[in-house]
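Novice: Sharing a structure, written as C-alpha cells. Questions coming.
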C-alpha cells in the first residue's frame with residue numbers, strides 16, 4: 007500500500023473449487039481442502055496474480071500434488087478454459103454474478 011493510501015473492502019469473496027460438470031468433485035455440495043489433494047491436475051496463477059490468502063490455499067494443494075500435476079497459467083481465462091474442458095480443477099474466489107457459466111463452484115469447507 008502506498009504511503010497515505012487507503013484500503014476499503016469492496017466485497018467478501020468465498021473460496022471455491024472450480025471444476026467441470028463431469029468432474030468427480032462436481033456432485034459435492036462443499037469440499038474440504040484436504041479432499042482436493044490427489045484429485046488430478048490443478049490450474050493456478052503465480053502468486054503476484056492472486057491474493058496472498060487464495061495463494062495460501064493453492065500452495066497447500068500444490069505441495070501435495072505429484073510433479074506434472076500443477077499447471078501455472080498466465081491468467082484466469084486460461085484457468086477457466088482448462089477447468090471447463092475437464093483437464094484440471096482450480097481453487098478460486100466466488101465472484102457471485104460474475105461466475106463463469108458451465109463450471110461448478112463448490113464452496114471450500116472450513117476455510
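Numbering (the numbering used here), first residue to last: 7 to 117.
All C-beta atoms in this analysis are idealised placements derived from N, C-alpha and C, irrespective of residue type, glycine included.
Determine, using beta carbons only, whether residue 31 and residue 37 come nearer to each other than 8 Å.
Specialist: yes
Novice: Measure the alpha-carbon distance for residue 74 versus residue 10 and round it to whole angstroms.
Specialist: 44 Å
Novice: Just to confirm, is the Cβ distance from residue 85 to residue 76 under 8 Å?
Specialist: no
Novice: Taking 8 Å as the limit between beta carbons, can you name the residues of its chain near residue 60, skipping five residues before and five after?
Specialist: Cβ within range, chain order: 21, 97, 98 and 99.
Novice: I'd like to know whether the C-beta atoms of residue 114 and residue 90 end up nearer to each other than 8 Å.
Specialist: Between residue 114 and residue 90, the CB-CB gap reaches or exceeds 8 Å.
Novice: Using three-state DSSP, classify residue 86 as helix, strand or coil.
Specialist: helix
Novice: Are the CB atoms of residue 105 and residue 118 within a distance shorter than 8 Å?
Specialist: Outside the modelled stretch of the chain, which goes from 7 to 117, sits residue 118, for which no answer is possible.
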